[in-house]
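Engineer:
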Amino acid sequence: MERRSRDQKIDKMEKTDQVDQKIDNGAKIDQVDQKIDKNGAKIDQVDQKIDQNGAKIDQVDQKIDQNGAKINQVDQKIDKNGAKIDQVDQKIDKNGAKIDQADCEDRQEWSEDRPGRSEDRPKERRSTVDQKIDKNGAKIDQVDQKIDKNGAKIDQVDQKIDKNGAKIDQVDQKIDKNGAKIDQVDQKIDKNGAKIDQVDQKIDKNGAKIDQVDQKIDKNGAKIDQVDQKIDKNGAKIDQVDQKIDQIKFNVREFEQEVMNQQLIQKQRFSTLKYFPLDGANPDMLNLPYPVENKLIEFLNGEKRVLSIIGNIGKTMFSEYITKQFLNQKLQDNRQFLPIYVNLTSLSDPYQIFKQVFEDKYILQRDDIVKYRKSQNSFLLILDNIQPDIQIEDIYTQNQFYNFKNCKIIFTCTNRNMQKNSASFQQINQIIQLLPNDQCIYNKNMIDKFKSKIQNNILEISHDSELKTFQFTDVFVLDELKINQCQNVSFELTPRNVKKLSVCGLYNSTLNISSIVEMSQLIHLQLQNYQISDITDLQSLTNLKELNLYSNKISTITTLKYLTNLQTLNLSYNYISNISDLQSLTNLKELNLKKIKISTITTLKYLTNLQTLDLSDNQISDISDLQSLTNLKELNLKKIKISTITTLKYLTNLQTLDLSYNQISNITTLQSLTNLKELNLKKIKISTITTLKYLTNLQTLDLSDNQISDISDLQSLTNLKELNLYSNKISTITTLKYLTNLQTLDLSDNQISDISDLQSLTNLKELNLYSNKISTITTLKYLTNLQTLNLSYNYISNISDLQSLTNLKELNLKKIKISTITTLKYLTNLQTLDLSYNQISNISDLQSLTNLKELNLYSNQISTFTTLKYLTNLQTLDLSYNYISDISDLQSLTNLKELNLYSNQISTITTLKYLTNLQTLDLSYNQISNITTLQSLTNLKELNLKKIKYLPLLLLNI
1 MERRSRDQKI DKMEKTDQVD QKIDNGAKID QVDQKIDKNG AKIDQVDQKI
51 DQNGAKIDQV DQKIDQNGAK INQVDQKIDK NGAKIDQVDQ KIDKNGAKID
101 QADCEDRQEW SEDRPGRSED RPKERRSTVD QKIDKNGAKI DQVDQKIDKN
151 GAKIDQVDQK IDKNGAKIDQ VDQKIDKNGA KIDQVDQKID KNGAKIDQVD
201 QKIDKNGAKI DQVDQKIDKN GAKIDQVDQK IDKNGAKIDQ VDQKIDQIKF
251 NVREFEQEVM NQQLIQKQRF STLKYFPLDG ANPDMLNLPY PVENKLIEFL
301 NGEKRVLSII GNIGKTMFSE YITKQFLNQK LQDNRQFLPI YVNLTSLSDP
351 YQIFKQVFED KYILQRDDIV KYRKSQNSFL LILDNIQPDI QIEDIYTQNQ
401 FYNFKNCKII FTCTNRNMQK NSASFQQINQ IIQLLPNDQC IYNKNMIDKF
451 KSKIQNNILE ISHDSELKTF QFTDVFVLDE LKINQCQNVS FELTPRNVKK
501 LSVCGLYNST LNISSIVEMS QLIHLQLQNY QISDITDLQS LTNLKELNLY
551 SNKISTITTL KYLTNLQTLN LSYNYISNIS DLQSLTNLKE LNLKKIKIST
601 ITTLKYLTNL QTLDLSDNQI SDISDLQSLT NLKELNLKKI KISTITTLKY
651 LTNLQTLDLS YNQISNITTL QSLTNLKELN LKKIKISTIT TLKYLTNLQT
701 LDLSDNQISD ISDLQSLTNL KELNLYSNKI STITTLKYLT NLQTLDLSDN
751 QISDISDLQS LTNLKELNLY SNKISTITTL KYLTNLQTLN LSYNYISNIS
801 DLQSLTNLKE LNLKKIKIST ITTLKYLTNL QTLDLSYNQI SNISDLQSLT
851 NLKELNLYSN QISTFTTLKY LTNLQTLDLS YNYISDISDL QSLTNLKELN
901 LYSNQISTIT TLKYLTNLQT LDLSYNQISN ITTLQSLTNL KELNLKKIKY
951 LPLLLLNI
């Protein structure tokens with residue numbers, strides 16, 4: 001039978017993406033086994049049903065059947081009206097509108113010759129920038145926007161609408177015919193209902209709304225914004241989170257009437273409510289029914305009275321249903337909005353991200369009070385352009401930060417006139433990241449407050465993809481600044497007091513290295529993995545003691561000769577062929593030249609203070625120049641081109657030596673290196689090891705991949721703790737009984753049949769006996785400290801002697817021909833167990849192994865596995881190549897991430913819907929005819945459906 005494969009393929013059938021959904025005659029299959037019957041929509045995930053009008057709103061998957069509009073999180077389609085909208089590739093066909101966000105491609109069939117997912121290349125050309133709706137004549141470009149039929153032309157800077165006589169400038173906005181004058185902050189709606197706000201939005205006579213993100217609603221009600229939203233002839237609105245409202249009314253009075261319409265409320269179809277400016281809102285709005293409230297995820301522009309209304313209904317609702325979609329909206333004149341925050345004490349996620357605008361002088365004037373940050377348990381707090389008479393204390397008194405007291409934040413401010421009271425942040429107890437700016441005025445208490453939050457005077461900015469600009473000056477005294485794994489950030493560094501700077505993994509970011517020159521106090525500098533090629537600007541940093549330039553594009557290092565105080569230097573993974581400029585660095589103690597392009601090392605003979613040297617992965621054939629480096633304690637010569645090692649006899653202080661992957665036939669020179677504690681001789685083709693008997697201080701020895709048959713000379717190495725003899729020609733191991741300090745021993749891939757001499761090695765924690773000729777394991781019962789044991793590929797039929805090894809955490813019994821596993825029930829600490837390739841039919845004895853996380857039962861004779869339902873900690877399970885037909889007992893294994901059911905007799909997979917944490921699933925070579933259950937497995941990353949009985953294309957919307 002063919003072994004399991006990760007290939008994904010479906011013969012003669014179309015491949016649809018994992019999250020694709022299809023509506024056929026009104027039937028919807030969504031992410032969680034959702035079905036819409038004759039009366040409309042049934043939703044499993046949140047059990048929502050709207051029967052009469054067939055409107056269904058699910059958190060992720062939404063469907064309205066009578067209008068034929070289906071919205072999936074990734075792939076969205078409206079069939080009856082011909083509108084297909086995908087999150088990346090969006091197309092509206094009947095109206096001739098083609099919208100492509102980023103040149104995405106359609107799906108392609110799975111093929112035999114190329115398993116897995118693939119994409120074909122559609123004939124139509126899709127542009128990242130240009131969007132066009134032809135029949136209605138609306139052309140929207142990312143920079144230049146034009147609506148021809150209505151005569152409206154809008155440029156990114158200067159916007160003009162001619163027929164209505166409206167001219168809109170970026171700062172001053174004016175509508176002449178209607179007499180409407182609009183200021184940058186003030187908003188006005190004229191006689192024609194045109195609203196123009198800070199981002200220049202206008203709705204003309206035909207209802208066309210154009211804002212900063214190029215939104216348009218044409219005669220047919222089509223709205224297209226930055227995320228390609230469309231409202232078709234039936235009023236279906238599809239936005240970034242797949243939300244739909246049957247009709248959107250731009251007159252608030254009409255909207256109120258719709259909300260209060262009992263029939264519409266019964267439909268429960270609102271996932272978005274739009275609030276528009278009004279005076280004297282209907283008091284009945286305060287009593288919106290909870291079935292409507294609990295789906296609210298978006299509020300748009302509103303004024304005081306509306307926000308007061310929102311505040312009242314929010315007291316019970318927001319604590320459970322507040323979302324980023326809501327919080328990302330822009331709220332104007334929101335004095336009445338602050339009390340809502342006080343009610344957020346029951347947020348399930350205490351790190352919920354807030355993004356809000358306070359547009360009057362009461363608090364702030366700019367966009368971001370709190371900006372989302374992806375690093376765990378953090379958010380970025382920005383307080384910009386605050387009025388001179390406002391203190392952060394004013395915000396604190398409103399309990400704005402009450403629910404963030406456990407957060408770790410980055411704080412910055414750019415207003416010189418703003419005084420900050422340290423009491424404002426007394427609830428934020430775990431500030432460990434800080435972005436100060438010298439334009440701020442901090443009182444002493446505030447500085448002391450923040451300084452106490454910086455751990456050990458170290459500031460770290462890690463895995464930040466939202467931070468755009470980093471400016472650091474001398475507000476705080478820091479010893480160390482770390483910048484790790486940041487994307488798309490512009491760094492300007494001028495803090496002269498920083499002594500240690502570490503920069504690693506800046507993807508698509510810019511760092512002005514010349515600005516580092518001003519950091520004259522720098523002692524430690526790390527610029528790893530940044531792709532720099534020119535280091536000339538580092539020349540003035542003469543105080544540097546540690547410099548790490550790992551993984552860049554440096555080819556010339558002339559600058560380094562001026563940095564004579566350097567003690568540690570890492571140049572590994574660069575393109576350096578000449579190291580002569582290192583000659584002056586006589587204070588160097590650590591030097592890493594791994595995998596550069598050097599072939600000669602003459603310069604190194606002058607660096608007599610070196611204690612650690614790495615020359616691995618180079619083209620060096622002669623190491624004679626190392627003779628003078630008598631202070632060396634660690635030397636790595638792995639994978640170079642040496643064949644003789646005579647020079648090494650002078651390096652008697654060596655404690656660690658790596659000679660692996662060379663062609664050394666004679667190791668007698670090592671005899672004098674009696675201080676050695678670690679020695680790696682892997683794959684150097686030696687057959688005798690007599691010399692080693694003199695190295696009695698050795699604690700770690702690797703002799704793997706050689707031609708050794710006699711290990712008697714190891715007898716004297718009684719200090720050994722780790723010994724690797726993998727892949728040699730050893731048949732007897734009598735000598736090992738004297739090495740009683742051994743904790744790790746690898747004897748795999750040899751010719752050993754008798755292991756009785758291991759009995760004395762009671763300190764062993766890891767033992768690998770893979771691929772030998774062992775049939776009896778009685779000796780092992782004495783090794784009670786074992787935590788990891790590999791007996792795979794031997795001839796063991798009885799494992800009863802393992803019963804005493806109760807400390808085992810990992811056990812591999814692969815292919816040892818056992819049929820019973822009763823003994824295993826005593827090994828309750830096991831976390832990983834491999835029983836593959838045996839003759840096991842009964843696994844009931846595994847019931848007690850509740851700590852198991854990984855279990856492999858591949859290729860046995862199992863037909864039932866009731867026992868497994870008790871192993872609820874399992875994360876990886878392989879049941880492939882057995883005789884299983886019923887998998888219902890898997891239902892309780894909700895922690896599973898990987899499941900392999902390849903080549904069984906399974907026909908029904910309903911149980912899988914409970915395993916929502918699955919990331920990898922193999923169902924290939926079974927008799928499955930219905931895969932609708934897979935809809936709920938939204939975390940799947942790998943899915944194999946190769947050669948199942950029948951795979952209807954309609955069911956591929958998973």
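Each residue of the sequence shown is one higher than the last, beginning at 1 in the UniProt record's numbering.
The C-beta atom is built at its ideal place from N, Cα and C for all residues, glycine as well.
For residue 724, which beta-bridge partners are listed by DSSP?
Structural biologist: 702, 746
Engineer: Can you confirm whether the stretch 833 to 844 touches the stretch 860 to 868 when touching is taken to mean that 3 or more C-beta pairs between the two stretches lie within less than 8 Å?
Structural biologist: yes
Engineer: Assign residue 530 to one of two classes, buried (16 or more other C-beta atoms within 10 Å of its C-beta) or exposed (fewer than that).
Structural biologist: buried
Engineer: Mind reading off the beta-carbon distance from residue 635 to residue 651? Whole number of angstroms is fine, and I expect it under 8 Å.
Structural biologist: Indeed they touch by this definition, with Cβ atoms about 7 Å apart.
Engineer: Would you kindly work out how many angstroms separate the C-alpha atoms of residue 947 and residue 923, rounded to a whole number?
Structural biologist: 9 Å
Engineer: Could you round the C-beta distance between residue 653 and residue 633 to whole angstroms and report it? I think they count as a contact, below 8 Å.
Structural biologist: 6 Å
Engineer: Using beta-carbon positions only, say whether residue 527 and residue 549 come within less than 7 Å of one another.
Structural biologist: Going by C-beta atoms, residue 527 is nearer than 7 Å to residue 549.
Engineer: Taking 7 Å as the cut-off, decide whether the C-beta atoms of residue 559 and residue 538 are in contact.
Structural biologist: Annotated as proximal: residue 559 and residue 538, with beta-carbon spacing under 7 Å.
Engineer: Kindly identify the DSSP beta-bridge partner or partners of residue 569.
Structural biologist: 547, 591
Engineer: Could you spell out the range, first to last residue, of the beta strand (DSSP E) harbouring residue 526?
Structural biologist: Residue 526 -> beta strand (DSSP E) spans 524 to 528.
Engineer: Whose C-beta lies closer than 7 Å to the C-beta of residue 888 among residues of the same chain, with five residues either side of it excluded?
Structural biologist: 911
Engineer: If the criterion is Cβ atoms closer than 7 Å, does the pair residue 933 and residue 949 meet it?
Structural biologist: no
Engineer: Can you give the beta carbon distance from residue 533 to residue 554, rounded, assuming they're within the 8 Å contact cut?
Structural biologist: 6 Å
Engineer: Could you round the C-beta distance between residue 715 and residue 735 to whole angstroms and report it? I think they count as a contact, below 8 Å.
Structural biologist: Contact flag correct, Cβ pair sits at about 5 Å.
Engineer: Roughly how many angstroms separate the alpha carbons of residue 940 and residue 906, rounded to a whole number?
Structural biologist: Going from the Cα of residue 940 to the Cα of residue 906 covers about 20 Å.
Engineer: Give me, in chain order, the residues of the same chain whose beta-carbon lies closer than 8 Å to that of residue 742; leave out the 5 immediate sequence neighbours on both sides.
Structural biologist: 720, 721, 722, 723, 736, 761, 763, 764
Engineer: Mind checking who residue 612 pairs with in its DSSP beta bridge?
Structural biologist: 590, 634
Engineer: Roughly how many whole angstroms lie between the Cα atoms of residue 577 and residue 594?
Structural biologist: 12 Å
Engineer: In terms of alpha-carbon separation, which member of 649, 607, 676, 598 lies closest to residue 641?
Structural biologist: The residue from 649, 607, 676, 598 with its alpha-carbon nearest to that of residue 641 is 598.
Engineer: Looking at the C-beta of residue 771, does it have a partner C-beta in chain C at a distance below 7 Å?
Structural biologist: The structure shown contains no chain C; it is built from a single protein chain.
Engineer: Which residue comes first and which comes last in the beta strand (DSSP E) that contains residue 878?
Structural biologist: 876 to 878
Engineer: Taking the beta strand (DSSP E) that residue 658 belongs to, which residues open and close that run?
Structural biologist: 656 to 658
Engineer: Just the C-alpha distance for residue 931 and residue 823, rounded to the nearest angstrom, thanks.
Structural biologist: 39 Å
Engineer: Tell me residue 922's beta-bridge partners as DSSP assigns them.
Structural biologist: 900, 944
Engineer: Rank 689, 570, 562 by C-alpha distance to the C-alpha of residue 581 and give the top, closest one.
Structural biologist: 562
Engineer: I need the straight-line Cα distance from residue 973 to residue 519, nearest angstrom please.
Structural biologist: The question about residue 973 has no answer, for the chain in this structure spans 1 to 958.
Engineer: Less than 7 Å separating the beta-carbons of residue 616 and residue 639?
Structural biologist: The answer is yes: Cβ separation under 7 Å.
Engineer: Go ahead and pull the three-state DSSP assignment for residue 263.
Structural biologist: Reliability fails at residue 263, whose pLDDT of 34 lies under 50, so the model's placement of it is uncertain and no value is given.
Engineer: Find out if the Cβ-Cβ distance for the pair residue 631, residue 655 is shorter than 7 Å.
Structural biologist: In terms of Cβ geometry, residue 631 and residue 655 do not form a close pair [threshold 7 Å].
Engineer: Whole-angstrom Cβ separation of residue 897 and residue 876, contact assumed at under 8 Å?
Structural biologist: With 8 Å as the limit, residue 897 and residue 876 qualify as a contact, their Cβ atoms being about 7 Å apart.
Engineer: Just the C-alpha distance for residue 960 and residue 587, rounded to the nearest angstrom, thanks.
Structural biologist: The question about residue 960 has no answer, for the chain in this structure spans 1 to 958.
Engineer: Looking only at C-alpha atoms, which of 565, 909, 938 sits nearest to residue 929?
Structural biologist: 909
Engineer: Taking residue 698 as the reference, give the member of 676, 591, 688, 825 with the closest Cα.
Structural biologist: 676
Engineer: Could you check what DSSP says for residue 819 in three-state terms: helix, strand or coil?
Structural biologist: coil
Engineer: Give me the DSSP bridge partner(s) of residue 648.
Structural biologist: For residue 648, which the question treats as bridged, DSSP gives no partner whatsoever.
Engineer: Among all the DSSP beta bridges, which residues are the ones paired with residue 812?
Structural biologist: DSSP output for residue 812 lists 790, 834 as bridge partner(s).
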